[in-house]
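With UniProt numbering applied, the sequence shown corresponds to residues 1 to 686, in that order. C-beta: ideal position from N, C-alpha, C; glycine also. Quick caveat: nothing in here was measured; it's all calculated off a predicted structure. Just below is one structure, and these are the notes that go with it.
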Amino acid sequence: MIKKKAPVTKKVPKELIVHNDVRIDNYYWLNDRENPEVIAYLNSENDYYNEMTSHTKALQEELFKEMKSRIKEDDESVPYTLNGYWYKTRYEVGKEYPVYSRFRESLESEEEIMFNGNEMAEGHDYFSMGGIAVSPDNSLAIFGVDTVSRREYTLRVKNLKTGEIYADTILNTTGGGVWANDNKTFYYTKKDTVTLRSDKIYKHILGTPESDDELVFHEKDDTFSTFVYKTKSKKYVVIGSHSTLTSEFQILSLERPDEGFKVFSPRQRGVEYSIYHYRDSFYVLTNKDGATNFKLMKVGEQNTYFEHWKEFIGHREDVLLEDVDIFKEYYVLSERENGLNQIRIIRWDGSDAYYLPFESETYTAHVGNNRDFDTEILRYSYNSLTTPSSVIDFNMATREETVMKEQEVLGGNFNKENYIEKRLWAPARDGSKIPISLVHHKDTALNENTPLLQYAYGSYGYTIDPYFSTVRLSLLDRGFVYAIAHIRGGEYLGRKWYEEGKLLKKMNTFTDFVDCSKYLIAQKISSSKHLYAMGGSAGGLLMGVVINLEPLLYNGVIASVPFVDVVTTMLDDSIPLTTGEYDEWGNPNELEYYNYMKSYSPYDNVKAQDYPNLLVTTGLHDSQVQYFEPAKWVSKLRELKKNDTFLFFDINMEAGHGGASGRFEALREAAKEYAFLLDLEGKIVL
Numbered sequence: 001m002i003k004k005k006a007p008v009t010k011k012v013p014k015e016l017i018v019h020n021d022v023r024i025d026n027y028y029w030l031n032d033r034e035n036p037e038v039i040a041y042l043n044s045e046n047d048y049y050n051e052m053t054s055h056t057k058a059l060q061e062e063l064f065k066e067m068k069s070r071i072k073e074d075d076e077s078v079p080y081t082l083n084g085y086w087y088k089t090r091y092e093v094g095k096e097y098p099v100y101s102r103f104r105e106s107l108e109s110e111e112e113i114m115f116n117g118n119e120m121a122e123g124h125d126y127f128s129m130g131g132i133a134v135s136p137d138n139s140l141a142i143f144g145v146d147t148v149s150r151r152e153y154t155l156r157v158k159n160l161k162t163g164e165i166y167a168d169t170i171l172n173t174t175g176g177g178v179w180a181n182d183n184k185t186f187y188y189t190k191k192d193t194v195t196l197r198s199d200k201i202y203k204h205i206l207g208t209p210e211s212d213d214e215l216v217f218h219e220k221d222d223t224f225s226t227f228v229y230k231t232k233s234k235k236y237v238v239i240g241s242h243s244t245l246t247s248e249f250q251i252l253s254l255e256r257p258d259e260g261f262k263v264f265s266p267r268q269r270g271v272e273y274s275i276y277h278y279r280d281s282f283y284v285l286t287n288k289d290g291a292t293n294f295k296l297m298k299v300g301e302q303n304t305y306f307e308h309w310k311e312f313i314g315h316r317e318d319v320l321l322e323d324v325d326i327f328k329e330y331y332v333l334s335e336r337e338n339g340l341n342q343i344r345i346i347r348w349d350g351s352d353a354y355y356l357p358f359e360s361e362t363y364t365a366h367v368g369n370n371r372d373f374d375t376e377i378l379r380y381s382y383n384s385l386t387t388p389s390s391v392i393d394f395n396m397a398t399r400e401e402t403v404m405k406e407q408e409v410l411g412g413n414f415n416k417e418n419y420i421e422k423r424l425w426a427p428a429r430d431g432s433k434i435p436i437s438l439v440h441h442k443d444t445a446l447n448e449n450t451p452l453l454q455y456a457y458g459s460y461g462y463t464i465d466p467y468f469s470t471v472r473l474s475l476l477d478r479g480f481v482y483a484i485a486h487i488r489g490g491e492y493l494g495r496k497w498y499e500e501g502k503l504l505k506k507m508n509t510f511t512d513f514v515d516c517s518k519y520l521i522a523q524k525i526s527s528s529k530h531l532y533a534m535g536g537s538a539g540g541l542l543m544g545v546v547i548n549l550e551p552l553l554y555n556g557v558i559a560s561v562p563f564v565d566v567v568t569t570m571l572d573d574s575i576p577l578t579t580g581e582y583d584e585w586g587n588p589n590e591l592e593y594y595n596y597m598k599s600y601s602p603y604d605n606v607k608a609q610d611y612p613n614l615l616v617t618t619g620l621h622d623s624q625v626q627y628f629e630p631a632k633w634v635s636k637l638r639e640l641k642k643n644d645t646f647l648f649f650d651i652n653m654e655a656g657h658g659g660a661s662g663r664f665e666a667l668r669e670a671a672k673e674y675a676f677l678l679d680l681e682g683k684i685v686l
C-alpha cells in the first residue's frame with residue numbers, strides 16, 4: 001500500500017470554558033454542515049480513503065458478492081395472523097426493499113400488496129419505512145417514510161381497499177401511529193425539530209389538517225422521551241414516558257375514551273416500570289424497592305398507583321426478568337441467568353410451569369412476534385454463533401414445536417459442524433470475570449499468528465447476544481476468530497452488570513474490553529500483531545478510549561459512527577439525545593461528572609503517541625452521533641499521532657446513524673470493513 005498525502009484540516013482555535021476549565025477545540029468549526037469548507041473537507045477524506053484503498057476494490061467486490069450469494073434473495077418472513085388477516089414481509093430477487101402483504105383469512109387466498117418498498121424508494125438515495133398500523137376494521141393503514149436518514153418520519157394514511165393515499169400528511173414523527181376504535185382517529189408521537197427528542201403525543205382525525213391535531217400530552221422534562229402504543233388486549237391506549245432511570249405511563253380506556261388519559265403511577269426517580277394488561281388487572285414489571293433484576297407486580301384496573309401493587313413474581317438476585325408476554329391461558333417470562341436467555345411458560349391457573357430446554361453453552365433465544373392473544377402457540381427464535389436462526393412455533397399445551405423457518409445459508413458450502421463456538425471467562429483487573437463468546441472455523445489453528453476481531457458495545461444496558469451472521473462467515477472462512485466481549489455496561493450478567501458500567505463507573509466498560517484482549521493474548525489465541533477491535537456508536541466511544549489507553553494492543557481498529565467528543569456533546573442540549581443521556585453518562589454541568597467524562601473522552605485525550613491502524617465511518621445525516629464528532633477526532637488524530645499507521649475516514653454522504661438503506665447496500669459497507677482487516681493481515685487473495 002503506497003502512502004499518499006492525507007488531508008490536513010485547518011485549525012481554528014475555539015475556547016470552551018466550563019467550571020473555570022479551558023479546553024481548546026481547534027476543529028470546532030467542523031460542526032457547521034452548511035459550510036462549504038466542511039463539505040469539501042469531508043469529500044477530501046473520502047477521496048483519500050478511496051485512493052488509499054483502491055488496491056482492495058477487487059476484494060471488496062469479491063466480499064460483497066460472496067456475502068450476497070449467501071442470502072436468499074426471494075426471502076420472506078413467517079406469516080402471522082391478526083384480526084382475520086395473515087401478514088408477511090417478503091423480498092424479491094435483486095431488490096433492496098421489502099414488500100408488505102396480507103391474505104384474508106387464509107394464506108391460500110389472494111395476496112394483497114399493502115406497500116412495495118422498492119417502488120416507494122425510487123428517486124431517493126435513502127429510504128426507510130416506519131411502523132405500519134392497520135385500522136381495527138382492516139381498511140386503512142398508517143405508515144411513515146424517512147428519505148433523509150435522520151429518523152424523522154412523515155406519516156401518511158393509505159386506503160388498503162382502493163390503494164388511495166389520503167391527503168393527511170404529518171411531518172417530523174417517530175414513524176408510527178395507534179388507532180382508536182372508530183377507524184378515523186389515531187395517536188402519534190412528534191419530535192422536537194431541533195433536538196429530535198420525542199416529546200409530544202397528538203390525536204389526529206382523518207380528513208383534518210395537521211394544524212388541527214389535538215395535543216394530548218407534552219413531555220416537558222427534557223431528560224425524558226415519550227411514545228404511544230396499544231395493549232395486546234386492545235382495551236387501552238398507553239402513553240409512556242421514559243428516561244434512562246425512570247418511567248411513567250398514562251392509560252386511556254378505549255371503552256371509555258371520553259374519560260381521557262390518566263396517570264398509571266406517577267414517576268419516581270430511579271423507578272422503572274412497564275405495564276401489561278390482562279382481564280381486569282395490569283401486570284407491572286419493575287425495579288421498585290431495590291429489585292435490581294426486576295420483579296412482576298399485579299394491580300387492579302381502577303387503582304393503579306404503586307401503593308396498590310402486589311407482588312406476583314419476586315425479585316431474584318441471580319435472574320434478570322427482562323420481559324413478559326401475555327396470552328389468554330398462559331403468560332411467558334423472558335429471563336436471563338448467567339448470561340443466557342431463558343423462556344419460562346406458566347399457566348394462569350398455576351397448573352403448569354416449565355422452561356424451554358436450551359442445552360448449548362452459548363446461544364440466543366428470544367420470544368418473537370406474538371400478536372394473537374387467544375392462542376396456545378408461542379413463537380420464538382433461536383440461533384447461536386454457529387447455528388443459523390430458526391423461527392419456532394411452540395404449542396404451550398402439548399409442548400410440541402414446529403420449526404416454521406430455518407435461515408438458509410446459500411452458496412453451497414456452509415456446514416455448521418465446520419465451526420466451533422465456546423464461552424470463555426476473562427479475569428478483569430478488579431477480580432470480576434468477563435464472559436467472551438467466541439467462534440472460529442474448525443481448521444483455524446489458534447496461536448499467536450491467528451487474526452482475531454473483538455467486538456463489543458457496553459452501554460445503556462444493551463446486551464450483545466451471541467448471534468449467527470452469514471456476513472461474518474467471510475472472516476471465519478479466511479482464518480479469523482470472532483469474539484464478543486460481554487463487558488460491563490451491558491446486561492449480559494444482569495442489571496448489576498449494567499450499573500457497574502455507567503456514570504462514575506464507566507471506566508469499567510473500557511478496562512473490561514482491554515482485559516479481555518489481554519486474556520485472549522495470554523491464552524495464545526492471538527497477539528497484538530493480529531488483534532483487531534470493532535465497535536459502533538457508544539461502541540465507537542469504547543474504541544476511542546481503548547486506543548488512547550492501549551495504543552499498541554491492537555493492529556487495527558474499526559470505529560463506526562463513534563461517540564467520541566463526549567464532553568462537548570453532553571454540554572450541548574440542542575443536540576439530539578443529549579439531555580436524555582444524563583442518567584447514562586452524567587450531566588457535565590455538574591463538576592464531578594465533567595471531570596470524570598473529561599478523563600476518558602476520546603477526543604479530549606488524543607495525545608502525541610503511536611496509534612493502531614484505524615478505519616472510522618460515519619453518515620452526514622446521522623442524528624444520534626453527529627458526523628462532526630468523528631470528523632474532529634480524525635483531524636486531531638492526524639495532527640498528533642506519531643507513527644505512520646493508516647487512518648481512514650469513510651463518510652456516507654447520503655446516510656445517517658444506521659448506514660446505507662437497502663439490504664444489499666449495507667453489505668458493501670461490511671465488505672469495506674472486512675477488506676480493511678484482511679488487507680492489514682496481508683490476506684488479499686481472490
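| Asked | Found |
| --- | --- |
| Of the listed residues L678, K310 and T174, nearest to R478 (C-alpha basis) | L678 |
| Contact test: M597 Cβ vs the ligand PLP heavy atom, cutoff 6 Å | No copy of the ligand PLP occurs in the structure displayed, which carries no ligand at all. |
| N587, buried or exposed, once every other Cβ within 10 Å from all chains shown has been counted against 16 | buried |
| Rounded separation between T511 and L552 - CA only | 15 Å |
| Nearest-angstrom Cα separation, counted from G540 out to Y457 | 8 Å |
| Outcome for I165 when other beta-carbon atoms lying within 10 angstroms are tallied against a minimum of 16 | exposed |
| At least three beta-carbon pairs within less than 8 Å, the stretch 45-55 to the stretch 458-477 | no |
| Counted within 10 angstroms of its Cβ, other Cβ atoms place Q60 as buried (16 or more) or exposed | buried |
| Other residues of its chain near A6: CB distance less than 8 Å, five sequence neighbours each side excluded | Y48, R638 and L647 |
| For L206, three-class secondary structure by DSSP | coil |
| D352 versus I420 - alpha carbon distance | 37 Å |
| Meets three-Cβ-pair contact criterion under 8 Å: the stretch 376-393 and the stretch 402-411 | yes |
| Buried/exposed call for T208, threshold 16 Cβ in 10 Å | exposed |
| Close Cβ partners of S77 (< 6 Å) along its chain, the five nearest in sequence each way excluded | K88 and T89 |
| Sequence-distant residues of its chain with Cβ nearer than 7 Å to L215 (five each side left out) | K200 and Y202 |
| Cross-strand partners of K200 (DSSP beta bridge) | K190 and H218 |
| Contiguous beta strand (DSSP E) assignments of at least 3 residues, all confined to the stretch 592-628 | 613-619 |
| Where R150 falls, given that 16 or more other Cβ within 10 Å makes a residue buried | buried |
| Limits of the unbroken beta strand (DSSP E) element including L285 | S281 to T286 |
| The stretch 240-258 touching the stretch 288-297, judged by at least three CB pairs closer than 8 Å | no |
| Within 7 Å, strictly: CB atoms of V567 and K598 | yes |
| E122 versus E361: straight-line alpha-carbon distance, rounded | 46 Å |
| Whole-Å CB distance - Y554 paired with A533, under 8 Å assumed | 5 Å |
| Alpha-carbon spacing of D125 relative to L171, whole angstroms | 19 Å |
| Cβ contact (3+ pairs, closer than 8 Å) linking the stretch 494-509 and the stretch 411-420 | no |
| For D572, the first and last residue of its enclosing beta strand (DSSP E) | Careful: D572 lies outside any beta strand (DSSP E) and carries neither H nor E. |
| Uninterrupted beta strand (DSSP E) stretches inside the stretch 322-407 (no shorter than 3 residues) | 330-337, 340-347, 353-355, 364-367, 377-383, 390-395 and 401-406 |
| Sequence-distant residues of its chain with Cβ nearer than 6 Å to K263 (five each side left out) | Per the sequence shown, residue 263 should be read as Val rather than Lys. If we look at V263 and ignore the five residues flanking it on each side, its Cβ neighbours are Q250. |
| Segment limits, alpha helix (DSSP H) that includes V514 | M507 to A522 |
| Cβ neighbour criterion (16 or more within 10 Å) applied to H218 | exposed |
| Inter-stretch contact (C-beta, 8 Å, three-pair minimum) for the stretch 437-445 and the stretch 100-120 | no |
| R668 - containing alpha helix (DSSP H), residue span | E665 to L680 |
| Exposure of E448, with buried meaning 16 or more beta-carbon neighbours within 10 Å | exposed |
| K607 versus L493: straight-line alpha-carbon distance, rounded | 35 Å |
| Per-residue DSSP class, three states only, for N43 | helix |
| Neighbour-count burial assignment, Q454, 16 or more Cβ in a 10 Å radius | buried |
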